[in-house]
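Peer 1:
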Amino acid sequence: MFGKLSIAVSLSMAVSSALAATNVACVGNSITEGYGIWSEKKYPDHLQEMLGNDYAVTNFGVSSMTFAGEKIKGGDNNSSYWKTEKFKAALASSPNIVIIELGTNDSKYFMESEGANYNYLYGQCEKTQLYTDYEALIDTFAHLPTNPKIYATLQPYSNNVGWAIMDTAIVSQINPIIKETAVKKGVNIIDLHTLFQTPAWFLDDSVHPNATGAQELAKIVNKYMTLAKPALKQEQANLQVNGTNYGIHWYKDGKLIEGADKATLALTEKGKYKALVKVENDNDSWLLSEEIEVTDVGGSTAIAKGNKKAQPKLRKLRHKVDVKGRRAE
68 MFGKLSIAVS
78 LSMAVSSALA
88 ATNVACVGNS
98 ITEGYGIWSE
108 KKYPDHLQEM
118 LGNDYAVTNF
128 GVSSMTFAGE
138 KIKGGDNNSS
148 YWKTEKFKAA
158 LASSPNIVII
168 ELGTNDSKYF
178 MESEGANYNY
188 LYGQCEKTQL
198 YTDYEALIDT
208 FAHLPTNPKI
218 YATLQPYSNN
228 VGWAIMDTAI
238 VSQINPIIKE
248 TAVKKGVNII
258 DLHTLFQTPA
268 WFLDDSVHPN
278 ATGAQELAKI
288 VNKYMTLAKP
298 ALKQEQANLQ
308 VNGTNYGIHW
318 YKDGKLIEGA
328 DKATLALTEK
338 GKYKALVKVE
348 NDNDSWLLSE
358 EIEVTDVGGS
368 TAIAKGNKKA
378 QPKLRKLRHK
388 VDVKGRRAE
């Protein structure tokens, strides 16, 4: 009887622990799935080890996939991540954190490579559609009931003529689309392109991480996932970011404030504010701050708790007075 009770308690504790874990959905293409290192640990496996038991990391990567939607110029897009079972599973996983590593294959839309031996997509998708589809991808995850934190990754270096994947297109076309859309939507950005270029981390195809690269990629993702969020403070009628920053975008009630990219934001309206902050000088990674609610644009920090009026400052007398307050000789 006690043995059965012990087993039941253990199972209950295991279920409770699983339910309490922070779910991390690693959404991506073959770089996430782990192409070419099938018997080795993939980057999500290493990420799980780094984060520990308080997290549950799942690999939802699918090789050859694009973030472009289900339809392109030629009709159906059979390379669309939107059409995969892994995409449906990622949405159903109730993620608390989503890491979107997609875009390498979308570079094929911009590179004409006659004789490309694999998944030739040149010219089949308009650039404007890619903006729309990437924004829709962010929104689809952002609108889940779990309200997950989203990390959009700038795509790492890749160069394979035979696959029509060229770093020129990644740098000039794909990563600007990802960054501009991520800034518009106010989600975290991890600059894998700057941080993941070491030749020794790649397979011979110059696209996919090798076993060492998978671990190094996980280190980069783990760093920005666990880095302390930027904090905001109100100083009278201004908002500022605590500490050093190398760039900033401001948001009010979830919307980007156009043109607001200075270290200080002058307040004119009450509301909920956030900032997307460039956290390092040597790469293009940005983290979203905690939200701060402004209830007094005049500077509530100058008013004591309970909205009491500040007391007037008493003037110090420099001469003696008698008991009636008259100046004494």
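Numbering (this note's numbering) for the sequence shown: 68 to 396. The C-beta atom is built at its ideal place from N, Cα and C for all residues, glycine as well.
(1) Considering only the alpha carbon of each residue, which of Asn-96, Asn-348, Phe-134 and Glu-357 lies closest to Thr-207?
(2) How about Gly-119 and Cys-93: do their beta carbons lie closer than 8 angstroms?
(3) Could you give the DSSP three-state label for Trp-149: helix, strand or coil?
(4) Less than 8 angstroms separating the beta-carbons of Ile-244 and Leu-204?
(5) Return the chain-ordered list of same chain residues with a C-beta closer than 6 angstroms to the C-beta of Thr-99, the five sequence neighbours on each side being excluded.
(6) Report the rounded CA-to-CA distance for Ile-139 versus Ala-219, giving the unit in angstroms.
(7) With 16 other CB atoms within 10 Å as the buried threshold, where does Val-165 fall?
(8) Specify the secondary structure class of Gly-326 as computed by DSSP and reduced to three states.
(9) By Cβ distance, which residues of its chain are closer than 6 angstroms to Trp-149, with the 5 residues on each side in sequence left out?
(10) Evaluate Lys-319 with the Cβ neighbour count: other Cβ atoms within 10 Å of its Cβ, from every protein chain shown; 16 or more gives buried, anything less gives exposed.
(11) Can you say whether Ala-85 is buried or exposed, counting buried as having 16 or more other CB atoms within 10 angstroms of its CB?
(12) For Asn-350, which of Gly-190, Phe-177, Gly-229 and Phe-263 has the nearest alpha-carbon?
(13) Within the continuous alpha helix (DSSP H) that includes Ile-287, where are the two ends?
(14) Give the DSSP-derived three-state secondary structure of Tyr-340 in the structure shown.
(15) Check the C-beta distance from Asn-214 over to Val-274 and give it rounded, since I have them as a contact under 8 angstroms.
(16) Verify whether the separation of the beta carbon atoms of Lys-296 and Leu-355 is less than 8 angstroms.
(17) With Leu-221 as the anchor, note down where its alpha helix (DSSP H) starts and where it stops.
(18) Do you know offhand how far Ser-106's Cα is from Gly-229's?
(19) Closest to Asn-163 by CA distance: which of Asp-258, Asn-96, Ala-87 and Ile-241 is it?
(20) Only counting the same chain, and skipping five residues up and downstream in sequence, which positions put a Cβ closer than 8 angstroms to that of Ala-330?
(21) Please state if the CB of Gln-115 and the CB of Gly-170 are separated by a distance shorter than 8 angstroms.
(22) In three-state DSSP terms, what is Asn-226?
(23) Reducing DSSP to helix, strand and coil, say where Tyr-318 ends up.
(24) Between the alpha carbons of Asn-289 and Met-117, how many angstroms are there, rounded?
(25) Considering Phe-127, what are the terminal residues of the alpha helix (DSSP H) in which it resides?
Peer 2: The relevant details are as follows:
(1) Phe-134
(2) no
(3) helix
(4) no
(5) Here Thr-99 has Cys-93, Gly-128 and Glu-168 as same chain residues with Cβ atoms under 6 angstroms from its own Cβ, once five neighbours each way along the sequence are excluded.
(6) Roughly 23 angstroms separates the two Cα atoms.
(7) buried
(8) In the structure shown, Gly-326 adopts coil according to DSSP, grouped into three states.
(9) If we look at Trp-149 and ignore the five residues flanking it on each side, its Cβ neighbours are Gly-136 and Glu-137.
(10) buried
(11) The predicted model places Ala-85 with a pLDDT of 49, which falls under 50 and marks its position as unreliable, so this point remains unresolved.
(12) Phe-263
(13) 278 to 293
(14) Strand, per DSSP.
(15) Between Val-274 and Asn-214 the Cβ distance is about 34 angstroms, and since that is not below 8 angstroms, they are no contact.
(16) yes
(17) Run containing Leu-221: none in the alpha helix (DSSP H); it sits in the beta strand (DSSP E), 216 to 221.
(18) The alpha-carbon separation between Ser-106 and Gly-229 amounts to approximately 25 angstroms.
(19) Ala-87
(20) Gln-307, Val-308, Asn-312 and Ile-315
(21) no
(22) Asn-226: coil per DSSP, three-state reduction.
(23) strand
(24) 7 angstroms
(25) Segment 122 to 128 is the beta strand (DSSP E) holding Phe-127; no alpha helix (DSSP H) there.
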